[in-house]
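Enquirer:
Number of protein chains: 2
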Amino acid sequence: MSSTTAPEKLSTNASFDGELVKLSAPANSLGGLKTTFNVFLPRQALDGDKVPVLYYLAGLTCNEDTAPWKGGFLRDAAAEGIALVFPDTSPRGADIDGEDKDWDFGTGAGFYLTASKEPWKKHYNMYEFITSELPSLLAAASLPLDLSRSSIFGHSMGGHGALTLYLKSLLSTSPSTKYLSASAFAPIANPTQCPWGDKAFKGYLAGGLDEGKQYDATELVGQLKGKDGVDLKVLVDVGTGDQFYQQKQLLPENLIAARDAAGFSASQLAVNLHERYDHSYYFISTFAPAHIKFHAEVLKAAK
Amino acid sequence: MSSTTAPEKLSTNASFDGELVKLSAPANSLGGLKTTFNVFLPRQALDGDKVPVLYYLAGLTCNEDTAPWKGGFLRDAAAEGIALVFPDTSPRGADIDGEDKDWDFGTGAGFYLTASKEPWKKHYNMYEFITSELPSLLAAASLPLDLSRSSIFGHSMGGHGALTLYLKSLLSTSPSTKYLSASAFAPIANPTQCPWGDKAFKGYLAGGLDEGKQYDATELVGQLKGKDGVDLKVLVDVGTGDQFYQQKQLLPENLIAARDAAGFSASQLAVNLHERYDHSYYFISTFAPAHIKFHAEVLKAAK
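Those protein sequences? They're chains P and B, same order as listed. Residue numbering for the first sequence follows our numbering, beginning at 17 and increasing consecutively. Residue numbering for the second sequence follows our numbering, beginning at 17 and increasing consecutively.
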């Protein structure tokens, strides 16, 4: 990998006594394409404290701005003194034929994996970007972050990303980033068994669904069974009014079954179903305070 | 005016234990054009209580969705048990030549006035719509709202709208809607003296700037001087990092001078300047909790 240079600062917005900083950098893992991400720094960070980091992965069609705008996360992150990092959902501008044809594949739909199939493998590597290159870029930006205390959460495709990046870090002996906790709003919890995941894995991966199992939260929980010293700190919220839940794109029931089969408890991997709530950011923002609190307790205890 | 028929319900999103309802109706005051607005109903309303109403007027280029998405208002409104009503910023689809040419005039820029100049006077009547027809539509929708307890707030052009609708209701002996309090984020506080207001008033009003004085918060505060029994309940927040403040589009200093000249106190009309904050919803959401609390105290005391 080429050496990491400091990202360019595009803008700063004061918010909740801290600030939201927008940064941009070419990413080696994305074939050299420029990518943009937002970082919320709480007051404590502006005053020079190294604060823990909570990554947020957004869902299909979204970008790095969606959650800062609509998630309602900054207020509680400010109160807890933790930083938030919002990357994009895919590379932009790879100029691949068909890249912009569908809303659930290509641009805005990177699925947080490392592509192994042409013509995607050069650019569509959000897994590598998030777990490895993004932390290097944050370090190169000289932001007051304690990257050794990182957690991750996300929505829908990003909920899938958050769960899988966390679970993969537990399965690895030397993860690029070790996440201390994970949470998800309406995650695609068993992508090898649903239409969105089927399309993504067959599209991006030379090995198709079989290769996709390493990016499937339900599969990964099964792989953790009996592994010594593994504790889980996972929170999942899903609305039963969610059309994608009803269409079996999310399949939290499979994640629950895998958890139970692997011998993990509901307090290690909590899956809460909520009547009436849908897939929108109106759902997310409602449960945002609980998710920030969940991660803040873990991150602050790790100091 | 034709009789008011019940608005059509377009969608419902559960949020913060309440729900956001999107409604649509043809508006007589907007030349019969269909307009869309959002209503947030807290849990108390879903349970059948008649809750007080806080109207939010959005700024240039925005619509009825901007603030529900980005404002961070629903959480505190839910906690306080007050409803929020989010109308659009202008009529849509009047099909007037030049209507979509500029971002600060025409579509998305209704300026909360009653147009008196051709070709705008048939449709561009957001003042009449907000103060008179919208409450009738809310009543016709049979929502559990106590419309006798209404307050109003807004941002930028909508801050101008909130302040002027409130102040005009104090000056009127029989206002269509009597607002109990008003607040504004970065309002255009003296539009007859700034480029945005100059363009709007000369464009929409046959009497130009002179007619525009009745839609100018700084002018209206002056008119309230010495009026018996008038109390003010107004809160204004402005960021000094706001480019439009710096460009003299907002002129809160003129509002302060008018307040002082009219003998009102800073607790009756508070104008707070905040370093670093800009014109964005990152600024608004930061001060959202304080604005909701300000109105909730007034609205709940009025029961």
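From the three backbone atoms N, C-alpha and C, an ideal C-beta is built for every residue, glycine too.
Scan the segment 140-153 of chain B for residues whose Cβ lies nearer than 9 Å to a Cβ of chain P and list them as they occur along the chain.
Expert: Residues passing the 9 Å Cβ filter: none.
Enquirer: Assess contact between the segment 136-144 of chain B and the segment 106-123 of chain B, defined as three or more Cβ pairs (one per stretch) separated by less than 8 Å. Is contact present?
Expert: These segments touch.
Enquirer: Would you decide whether A22 (chain P) is buried or exposed? Buried here means 16 or more other CB atoms lie within 10 Å of its CB.
Expert: Sequence index remark: in the first sequence, residue 22 (chain P) carries index 6 (1-based). Exposed, by the Cβ-count rule.
Enquirer: Hey, does T180 (chain P) have any beta-carbon neighbour from chain B nearer than 9 Å?
Expert: Stepping through the first sequence from its first residue, residue 180 (chain P) is reached at position 164. Taking Cβ atoms only, chain B never reaches closer than 9 Å to T180 (chain P), which makes this a no.
Enquirer: Just mark D92 (chain B) as buried or exposed, buried being the case when its beta carbon has 16 or more other beta carbons within 10 Å.
Expert: Looking up residue 92 (chain B) in the second sequence gives position 76. With 16 or more other Cβ atoms within 10 Å, it is buried.
Enquirer: What does the alpha-carbon distance come out to for the pair S31 (chain P) and H295 (chain B)?
Expert: Residue 31 (chain P) sits at position 15 when you count from the first residue of the first sequence. Residue 295 (chain B) sits at position 279 when you count from the first residue of the second sequence. Cα to Cα, the separation comes out at about 11 Å.
Enquirer: Would you check if the distance between the CB atom of L187 (chain B) and the CB atom of L271 (chain B) is smaller than 9 Å?
Expert: One-based indexing of the second sequence puts residue 187 (chain B) at position 171. One-based indexing of the second sequence puts residue 271 (chain B) at position 255. No, the pair does not count as a contact, with Cβ atoms beyond the cut-off.
Enquirer: Who are the Cβ neighbours of A216 (chain B) in its own chain at under 6 Å, not counting the five residues just before and after it?
Expert: Translated into the one-based positions of the second sequence, residue 216 (chain B) becomes position 200. These residues qualify, in order along the chain: F127.
Enquirer: Could you tell me whether the Cβ atoms of P68 (chain P) and L315 (chain P) are closer together than 9 Å?
Expert: On the first sequence, position 52 is the one that residue 68 (chain P) refers to. On the first sequence, position 299 is the one that residue 315 (chain P) refers to. In contact: P68 (chain P) and L315 (chain P) (Cβ atoms closer than 9 Å).
Enquirer: Suppose you measure from the CA of A278 (chain B) to the CA of G242 (chain B); what does that come to, to the nearest Å?
Expert: Against the second sequence, residue 278 (chain B) aligns to sequence position 262. Against the second sequence, residue 242 (chain B) aligns to sequence position 226. If I take the Cα positions, the gap works out to 7 Å.
Enquirer: Counting pairs of Cβ atoms below 8 Å between the segment 251-259 of chain P and the segment 273-292 of chain P, do you hit three or more?
Expert: Yes, since at least three Cβ pairs between the segment 251-259 of chain P and the segment 273-292 of chain P fall closer than 8 Å, the two stretches touch.
Enquirer: Quick one: measure Cβ to Cβ for K117 (chain P) and Y220 (chain P), integer angstroms, because I've assumed they're closer than 8 Å.
Expert: Taking the first sequence and counting its residues from 1, one reaches residue 117 (chain P) at position 101. Taking the first sequence and counting its residues from 1, one reaches residue 220 (chain P) at position 204. Contact flag wrong, Cβ pair sits at about 15 Å.
Enquirer: How should M17 (chain B) be labelled, buried or exposed, when 16 other C-beta atoms within 10 angstroms of its C-beta is the threshold for buried?
Expert: Working through the second sequence from its first residue, we reach residue 17 (chain B) at position 1. Legend: pLDDT at M17 (chain B) = 45, less than 50; position of this residue unreliable, value from coordinates given subsequently. Counting Cβ neighbours within 10 Å, M17 (chain B) comes out exposed, since fewer than 16 surround it.
Enquirer: Measure the beta-carbon distance from L154 (chain P) to V237 (chain P) and round it to whole angstroms, keeping in mind my assumption that it falls under 8 Å.
Expert: On the first sequence, residue 154 (chain P) is found 138 positions in, with the first residue counted as 1. On the first sequence, residue 237 (chain P) is found 221 positions in, with the first residue counted as 1. Incorrect: roughly 28 Å between the Cβ atoms, too far for contact.
Enquirer: Would you mind working out which of B:V246, B:T130, B:F56, B:W119 sits nearest G224 (chain B), comparing C-alpha positions?
Expert: Here the question's residue 224 (chain B) lines up with position 208 in the second sequence. Answer by Cα proximity: B:T130.
Enquirer: So, is L26 (chain P) buried or exposed, given that buried needs 16 or more other C-beta atoms within 10 angstroms?
Expert: Against the first sequence, residue 26 (chain P) aligns to sequence position 10. Per the 10 Å Cβ criterion, exposed.
Enquirer: Quick check on DSSP: helix, strand or coil for S109 (chain B)?
Expert: Along the second sequence, read from residue 1 onward, the residue named residue 109 (chain B) stands at position 93. Looking at the sequence shown, residue 109 (chain B) is not Ser but Gly. Three-state DSSP puts G109 (chain B) in coil, outside helix and strand.
Enquirer: Given G48 (chain B), which residues of its chain have a CB within under 6 Å of its CB, disregarding the five upstream and five downstream residues?
Expert: Your numbering for residue 48 (chain B) matches position 32 in the second sequence. Closer than 6 Å at Cβ, skipping near neighbours: P42.
Enquirer: To the nearest angstrom, report how far apart G257 (chain B) and Y293 (chain B) are at their CA atoms.
Expert: By one-based count along the second sequence, residue 257 (chain B) stands at place 241. By one-based count along the second sequence, residue 293 (chain B) stands at place 277. Approximately 5 Å, taken between the alpha carbons.
Enquirer: Beta carbons nearer than 9 Å to chain B: which residues of the segment 269-302 of chain P have them?
Expert: If the cut-off is 9 Å between Cβ atoms, the segment 269-302 of chain P has H290, E291, R292, Y293, D294, S296, Y297, Y298, F299, S301, T302 near chain B.
Enquirer: Please list the terminal residues of the continuous beta strand (DSSP E) segment that includes T302 (chain P).
Expert: Within the first sequence, the letter at position 286 stands for residue 302 (chain P). Counting along the chain, T302 (chain P) falls outside any beta strand (DSSP E), though it belongs to the alpha helix (DSSP H) covering 297-317.
Enquirer: For I308 (chain B), I'd like the list of residues in its chain whose CB is within less than 7 Å of its CB, leaving aside the five on either flank, ordered along the chain.
Expert: Mapped onto the second sequence, residue 308 (chain B) falls at position 292. If we look at I308 (chain B) and ignore the five residues flanking it on each side, its Cβ neighbours are F89, D92, A93, E96.
Enquirer: Cβ atoms of Y297 (chain B) and W85 (chain P): under 9 Å apart, would you say?
Expert: Numbered from its first residue, the first sequence carries residue 85 (chain P) at position 69. Numbered from its first residue, the second sequence carries residue 297 (chain B) at position 281. Yes; because the gap between Cβ atoms is below 9 Å, this pair is in contact.
Enquirer: When you compare only the Cα positions, how much space is there between A282 (chain B) and D247 (chain B)?
Expert: Within the second sequence, numbered from 1, the residue matching residue 282 (chain B) stands at position 266. Within the second sequence, numbered from 1, the residue matching residue 247 (chain B) stands at position 231. Taking the straight line joining both Cα atoms gives about 12 Å.
Enquirer: Beta-carbon within less than 8 Å of L39 (chain P)'s beta-carbon, same chain only, minus the 5 sequence neighbours each way: which residues are those?
Expert: Stepping through the first sequence from its first residue, residue 39 (chain P) is reached at position 23. For L39 (chain P), where only same-chain residues beyond five positions count, the Cβ hits under 8 Å are P23, E24, K25, L26, T52, F53, N54, V55, L153, A157.
Enquirer: Leaving out the 5 sequence neighbours to the left and right, which residues in its chain are closer than 6 Å to Y71 (chain B) when beta-carbon positions are compared?
Expert: Within the second sequence, the letter at position 55 stands for residue 71 (chain B). V101, I168.
Enquirer: Could you have a look at G257 (chain P) and say whether DSSP puts it in helix, strand or coil?
Expert: Translated into the one-based positions of the first sequence, residue 257 (chain P) becomes position 241. G257 (chain P): coil per DSSP, three-state reduction.
Enquirer: When the Cα atoms are used, what is the spatial distance from F260 (chain B) to A233 (chain B)?
Expert: By one-based count along the second sequence, residue 260 (chain B) stands at place 244. By one-based count along the second sequence, residue 233 (chain B) stands at place 217. Approximately 17 Å between the Cα atoms of the pair.
Enquirer: Report yes if the C-beta distance between G75 (chain P) and G175 (chain P) is below 9 Å; otherwise report no.
Expert: Looking up residue 75 (chain P) in the first sequence gives position 59. Looking up residue 175 (chain P) in the first sequence gives position 159. Yes, they are a contact pair.
Enquirer: Helix, strand or coil for Y71 (chain P) per DSSP?
Expert: Taking the first residue of the first sequence as position 1, residue 71 (chain P) is located at position 55. Strand at Y71 (chain P).
Enquirer: By a C-beta neighbour count over all protein chains shown, 10 Å radius and 16 as the cutoff for buried, is E35 (chain P) buried or exposed?
Expert: Start at 1 with the first residue of the first sequence, and residue 35 (chain P) comes out as number 19. Label assigned to E35 (chain P): buried.
Enquirer: Among B:L57, B:I300, B:R59, B:K194, which has the Cα closest to the Cα of S148 (chain B)?
Expert: For the purposes of this step, residue 148 (chain B) is identified with residue 132 of the second sequence, where counting begins at 1. Out of B:L57, B:I300, B:R59, B:K194, B:K194 has the C-alpha closest to the C-alpha of S148 (chain B).
Enquirer: Taking DSSP as the reference, what is the three-state secondary structure of V101 (chain B)?
Expert: For the purposes of this step, residue 101 (chain B) is taken as residue 85 along the second sequence, with counting starting at 1. Here V101 (chain B) sits in strand by DSSP.
Enquirer: Is the separation between the beta-carbon of P160 (chain P) and that of A273 (chain P) shorter than 9 Å?
Expert: For the purposes of this step, residue 160 (chain P) is identified with residue 144 of the first sequence, where counting begins at 1. For the purposes of this step, residue 273 (chain P) is identified with residue 257 of the first sequence, where counting begins at 1. No, the Cβ-Cβ distance between P160 (chain P) and A273 (chain P) is not below 9 Å.
Enquirer: At 8 Å on the CB atoms, spell out the chain B contacts of N29 (chain P), in chain order.
Expert: As a position in the first sequence, residue 29 (chain P) is number 13, starting the count at 1. Here the neighbours are D294, S296, Y298, F299.
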